[in-house]
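Working notes for the structure below.
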Amino acid sequence: MGAPGGFIPFNNTGVIQGVRGGWQLALSNYGINPGVGHTASALFLQDGTLSNDYLYRNAIPGKPELNRMNTALSMGGNNVNDVAALNASGTVTVGGNVDTAGSVNATGNVSASGSVTAQGNVSASGSVTAQSNVIAAGDVYAQSVNASANLTGAAARISGETVTGGWFRTQGDTGWYSEKWGGGWYMSDSDWVRVYGDKNLYTAGNIRGGTVTSEGRATVGEYLQLNGVATAGTACAANGMVGRTSTGRSLSCDNQVWVVNGSSAPTCTAQTINGYDANDATTYSCPVGYTKVGWDTTGSGQRNSSTPGIVIGQNDFATIFCCQF
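Using our numbering, read the sequence shown as starting at 80 and increasing by one per residue.
Structure representation (structure tokens):
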């Protein structure tokens with residue numbers, strides 16, 4: 080009989096009452112009373128047309144209002160199962176979880192005062208704005224990430240440049256590393272900034288520091304310019320130091336005294352040209368390591384000055400002076 084069906088109840092025999100008390104009509108309106116327990120069916124007419132206030136399960140041709148609620152529907156804590164599509168023109172308020180096996184599509188904003196958890200991907204063609212944390216157990220891919228607080232993660236891979244307005248900080252014995260070439264910078268103690276992989280350091284500009292120490296050979300491709308000026312004869316701190324005078328002569332720290340390099344007294348000797356030697360005072364050579372500084376041609380010989388090729392005092396008993404500096 081459906082919603083229009085009713086009966087005459089035993090506790091009120093003067094009315095016809097609909098299913099679950101959904102409607103009630105006085106029998107006196109119809110001039111009959113068949114008695115308790117009899118069933119009845121009501122026909123509801125509006126403007127001469129059959130109508131009623133009950134919700135039909137099936138579609139009625141030309142009567143879409145029979146499948147439409149005129150007030151709020153309360154399920155009394157029960158479920159609505161097997162819904163194909165849920166279309167709402169207002170707000171959908173859920174006191175528990177929203178579980179979906181498909182996608183959640185919104186043309187407006189999706190706001191959550193708690194957490195938004197996804198086992199798969201979260202994709203956005205626009206911005207994703209969070210007033211608190213964005214936590215991901217996997218990777219986060221984005222064209223731009225703007226954060227007024229911290230970004231925390233196990234690793235960050237950037238295909239373009241990384242620009243920071245503050246410090247670029249590393250924690251632990253780490254630093255910057257070139258994955259392609261295997262070199263970089265790092266610190267493993269509080270004193271030294273080290274080159275990773277013992278790579279060479281090159282620059283066409285200057286390298287400046289308070290002290291430059293070489294544990295091996297130091298090679299200079301041009302001139303060595305000494306700007307440390309000292310005075311010969313004064314004290315110096317450590318043997319082996321090298322400086323210069325104000326005029327440019329080089330100084331060495333010898334026994335903790337500045338000494339002009341090459342300023343020690345030379346070792347000199349006189350060499351007499353042997354008799355009948357073909358060399359004269361200008362061509363006679365000093366011993367190896369000595370430099371000829373002059374000669375004496377005033378010597379006298381024992382031979383006749385007419386001897387061919389022999390000139391007394393020139394290549395016979397002449398003397399040359401040689402010094403080792």
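Note that beta-carbon positions come from the ideal geometry of N, C-alpha and C, so glycine has one too.
Classify residue 237: buried if its beta carbon has 16 or more other beta carbons within 10 angstroms, exposed otherwise. On the sequence shown, residue 237 is found 158 positions in, with the first residue counted as 1. With fewer than 16 Cβ atoms within 10 Å of its Cβ, residue 237 is classed as exposed.
Through-space distance from residue 193 to residue 256, alpha-carbon basis: Counted from its first residue, the sequence shown places residue 256 at position 177. Counted from its first residue, the sequence shown places residue 193 at position 114. So the alpha carbons of these two residues sit roughly 39 Å apart.
Contact between the segment 326-343 and the segment 307-314 is defined here as three or more beta-carbon pairs at a separation below 8 Å; is this criterion met? The segment 326-343, when compared against the segment 307-314, does touch it at the 8 Å Cβ threshold.
Per DSSP, residue 315 is paired with what? By one-based count along the sequence shown, residue 315 stands at place 236. None, per the DSSP bridge assignment.
By Cβ distance below 7 Å, which residues in the same chain neighbour residue 127 in space, the five residues on each side in sequence not counted? Within the sequence shown, the letter at position 48 stands for residue 127. In this prediction, residue 127 has a pLDDT of 46, which is less than 50 and means its spatial position is unreliable; what the coordinates show is noted afterwards. Cβ within range, chain order: n/a, list empty.
How far does the beta strand (DSSP E) with residue 328 in it extend, from its first residue to its last? Residue numbering aside, residue 328 sits at position 249 when the sequence shown is read from its first letter. Where residue 328 is concerned, there is no enclosing beta strand (DSSP E), given that its DSSP letter is neither H nor E.
Could you tell me how far apart the beta carbons of residue 396 and residue 352 are, in whole angstroms, since I believe they sit closer than 8 Å? As a working note, residue 396 is residue 317 in the sequence shown. As a working note, residue 352 is residue 273 in the sequence shown. So it is a contact: roughly 7 Å between Cβ atoms.
Where are the beta strand (DSSP E) runs, 3 residues long or more, that stay fully inside the segment 272-322, in chain order? Complete beta strand (DSSP E) runs here, min 3: 273-275.
Does residue 51 pass the burial test, meaning 16 or more other C-beta atoms within 10 Å, or should it be called exposed? Because the chain is modelled from 80 through 404, residue 51 falls outside the range shown and cannot be assessed.
Between residue 258 and residue 233, what straight-line distance do the alpha-carbon atoms span, to the nearest angstrom? Within the sequence shown, the letter at position 179 stands for residue 258. Within the sequence shown, the letter at position 154 stands for residue 233. Inter-residue distance for residue 258 and residue 233 is about 18 Å (C-alpha atoms, whole angstroms).
Could you compute how far the alpha carbon of residue 84 sits from the alpha carbon of residue 155? Here the question's residue 84 lines up with position 5 in the sequence shown. Here the question's residue 155 lines up with position 76 in the sequence shown. In this structure, the CA atom of residue 84 is about 24 Å from the CA atom of residue 155.
Report the partner residues of residue 256 according to the DSSP bridge assignment. Here residue 256 is taken as the residue at index 177 of the sequence shown, counted from 1. In the DSSP output, where bridge partners are listed per residue, residue 256 has 263.
Let me know the secondary structure DSSP gives residue 106 once reduced to three states. Here residue 106 corresponds to residue number 27 of the sequence shown, with the count starting at 1. Of the three classes helix, strand and coil, the one that applies to residue 106 here is helix, per DSSP.
State the DSSP-derived secondary structure class of residue 85, mapped to helix, strand or coil. Within the sequence shown, numbered from 1, the residue matching residue 85 stands at position 6. Residue state, collapsed to three classes: strand.
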